[in-house]
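Student: In the UniProt record's numbering, the protein residues as written are 1 to 232.
For reference, the structure I am asking about is given below.
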Amino acid sequence: MGECIALLFGGRDDRPTVRTITIFTTRKDFMSSDGLQLIQPAVLAGGRSRRFGRDKLVEPLHDALLIDHPIRTLREVFGPRVGIVGECAPRVASRADMVIPDPYPGIGPIGGLLAALEYARGPVFLLAGDLAAITPETIRRILAAAAAPGEEEAGEAESVEPLAIIAATDRPQPCIGLYRPQAAAYLRRALSDERFALRHAIPAAHVRLVEVAAEAARNINRPDDLVNRKNR
């Protein structure tokens with residue numbers, strides 16, 4: 001057993017706080033080869049690219065397409081079993097190792113994540129399809145933070161289980177993170193209430209934020225964003 005420092009998303013004002021978390025080494029380590037096999041890596045591909053003006057996921061980026069970057073990054077960590085979820089062109093779907101059925105089309109990332117969780121029946125590591133600078137190190141950082149079972153308050157025997165361990169820059173990045181299967185119940189509840197913002201779907205007490213480099217979490221929203229990325 002040991003301790004680590006982690007950002008936790010909680011409190012009345014929903015601001016991240018830094019707290020000490022107890023690590024129990026008997027828990028399944030997601031960084032081990034066995035632990036990684038429990039996780040389904042998934043890339044969101046159902047966006048409409050309104051600000052870009054055309055399907056940005058098939059835009060060339062260096063020696064590949066934009067969609068290839070998050071797929072390749074997940075493969076480097078999890079191996080060749082990356083799923084793609086969301087309505088997309090066949091050219092996009094063919095870049096992944098598998099297609100995850102999406103019974104919730106057209107409602108944004110919350111639908112794609114729920115589809116992936118229901119398909120996997122286990123943890124899902126989610127990435128947006130337009131992350132042109134995401135790195136394996138960022139993914140591993142989040143997985144390492146997931147090793148902590150939860151926050152133990154003084155005098156309490158039970159800890160709060162984080163259901164979403166997600167990246168954070170100056171704000172939470174819910175499309176970069178690990179989601180445990182229990183998160184699906186909260187997503188379904190949000191959908192039934194017509195609350196489609198993923199960042200608000202899971203209670204703050206069950207969300208853990210992991211600080212990552214801002215560049216790694218930067219999305220490609222407009223053509224200029226892609227040009228800037230190509231020039232780096």
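We put the beta carbon where it would ideally sit given N, CA and C, even for glycine.
(1) Report the residue ranges of all beta strand (DSSP E) runs contained in full by the segment 107-152; include only those spanning at least 3 residues, in chain order.
(2) Taking the Cβ atom as the reference point for each residue, do proline 172 and leucine 127 lie within a distance shorter than 9 Å?
(3) From arginine 51 to aspartate 130, what does the alpha carbon distance come to, in whole angstroms?
(4) Buried or exposed for lysine 56, please, with buried defined as at least 16 other CB atoms from any protein chain shown within 10 angstroms of its CB.
(5) On the CB-based measure, 16 or more other CB atoms within 10 Å of its CB, does asparagine 228 come out buried or exposed?
(6) Which one or two residues does DSSP pair with proline 172 in a beta bridge?
(7) Can you round the beta-carbon distance between isoleucine 165 and isoleucine 139 to whole angstroms, since I take them to be within the 8 Å contact cut?
(8) Determine, using beta carbons only, whether aspartate 170 and alanine 132 come nearer to each other than 9 Å.
(9) Give me, in chain order, the residues of the same chain whose beta-carbon lies closer than 8 Å to that of alanine 157; leave out the 5 immediate sequence neighbours on both sides.
(10) Could you tell me the alpha carbon to alpha carbon distance between serine 94 and leucine 65, rounded to whole angstroms?
(11) For alanine 96 and isoleucine 134, what's the separation of their Cα atoms in angstroms?
(12) Nearest CA to the CA of isoleucine 176: which residue from Pro41, Ala115, Arg91 and Leu61?
(13) What residue does the alpha helix (DSSP H) around proline 41 start on, and which one ends it?
(14) Can you tell me which of the three DSSP states alanine 64 falls into?
(15) Starting from the Cα of arginine 81, find the closest Cα among Ala89, Phe125, Asp193 and Ala216 and give me that residue.
(16) When DSSP builds the beta bridges, which residues end up paired with isoleucine 84?
(17) I need the DSSP call for leucine 191, collapsed to helix, strand or coil.
(18) Assign leucine 226 to buried or exposed, taking buried as 16 or more other Cβ atoms, counted over all protein chains shown, within 10 Å of its Cβ.
(19) Of all the options Asn221, Pro162 and Asn219, which has the alpha carbon lying nearest to the alpha carbon of isoleucine 202?
(20) Compare the Cα-Cα distances from aspartate 68 to each of Arg91, Glu87 and Gly47 and report the closest residue.
(21) Taking the alpha helix (DSSP H) that valine 212 belongs to, which residues open and close that run?
(22) Looking only at its chain, what residues have a beta carbon closer than 7 Å to the beta carbon of alanine 216, apart from the 5 residues adjacent to it on each side?
(23) Comparing alpha-carbon positions, which option in Leu36, Arg222, Tyr179 and Ile39 lies nearest leucine 114?
(24) Of all the options Ile110, Asn221, Arg121 and Ser192, which has the alpha carbon lying nearest to the alpha carbon of glutamine 37?
Tutor: The relevant details are as follows:
(1) Here the runs fully enclosed are 124-128.
(2) Cβ atoms of proline 172 and leucine 127: not closer than 9 Å.
(3) Rounded to whole angstroms, arginine 51 to aspartate 130 spans 13 Å at the Cα level.
(4) In summary, lysine 56 is buried, with 16 or more beta-carbon neighbours lying within 10 Å of its beta-carbon over all protein chains present.
(5) Burial call: exposed.
(6) Beta-bridge pairing links proline 172 to Ala168.
(7) Incorrect: roughly 11 Å between the Cβ atoms, too far for contact.
(8) Not closer than 9 Å, so no.
(9) Because alanine 157 sits at a pLDDT of 47, beneath the cut-off of 50, its placement in the model cannot be relied upon, and the following sentence gives the value as read from the coordinates. Counting only Cβ-Cβ distances below 8 Å, and skipping sequence neighbours, we find nothing.
(10) So the two alpha carbons sit approximately 12 Å from each other.
(11) Counting only the Cα atoms, isoleucine 134 lies some 16 Å from alanine 96.
(12) Comparing Cα positions, the closest option is Pro41.
(13) Counting along the chain, proline 41 falls outside any alpha helix (DSSP H), though it belongs to the beta strand (DSSP E) covering 40-44.
(14) In this structure, alanine 64 counts as strand in the three-state DSSP scheme.
(15) Taking only the C-alpha atoms, the option nearest arginine 81 is Phe125.
(16) Beta-bridge partners assigned by DSSP to isoleucine 84: Val43 and Val99.
(17) Helix.
(18) Looking at its Cβ environment, which holds 16 or more other Cβ atoms inside 10 Å, leucine 226 is buried.
(19) Pro162 is the residue among Asn221, Pro162 and Asn219 whose C-alpha sits nearest the C-alpha of isoleucine 202.
(20) For aspartate 68, the nearest C-alpha among the options comes from Arg91.
(21) Counting along the chain, no alpha helix (DSSP H) covers valine 212, and no H or E run does either.
(22) Only Ala133, Ile134, Thr135 and Thr138 meet the Cβ criterion.
(23) That would be Tyr179, whose Cα lies nearest to the Cα of leucine 114.
(24) Arg121 is the residue among Ile110, Asn221, Arg121 and Ser192 whose C-alpha sits nearest the C-alpha of glutamine 37.
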